[in-house]
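Shown next, in structure tokens, is the structure this report addresses.
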């Protein structure tokens, strides 16, 4: 009777062990899939970070170009008094004034 009981529990235990083994394999498969997804997510994160760094660098370069252009334009405005077109304009104005003042 003891042997029959042991055999019955043993067979049931074997089935239970087989179920546990299959469940363990399924869990291992899920873990592998999750690890792969994690690696992909990390890869995408690094890629996005690099893209963000490139974008930030491009924005900085554009800001520097704009600042340089504004500085150049301001310099040109300050040098307007020294420009040849201004000198010609002043000379012509003085000539007109002299001509009209003699009449």
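In full-length UniProt numbering, the protein residues as written are 1 to 103.
No residue lacks a Cβ here, since even glycine has one placed at the ideal position from N, Cα and C.
Residue i in three-state terms, based on DSSP
i	result
residue 93	helix
residue 85	helix
8 Å Cβ shell around residue i - same chain, five flanking residues per side excluded
i	result
residue 1	Confidence at residue 1 is low in this model, with a pLDDT of 48, below 50, so the placement of that residue should be treated as unreliable; the coordinate-derived value is given next. Result list for residue 1: empty, nothing under 8 Å.
Own chain, CB closer than 6 Å to residue i, minus 5 neighbours either side, in chain order
i	result
residue 36	none
residue 101	none
Unbroken alpha helix (DSSP H) runs of length 4 or more, entirely within the segment 17 to 49: which are they?
Unbroken alpha helix (DSSP H) stretches of 4 residues or longer found wholly inside the segment 17 to 49: none.
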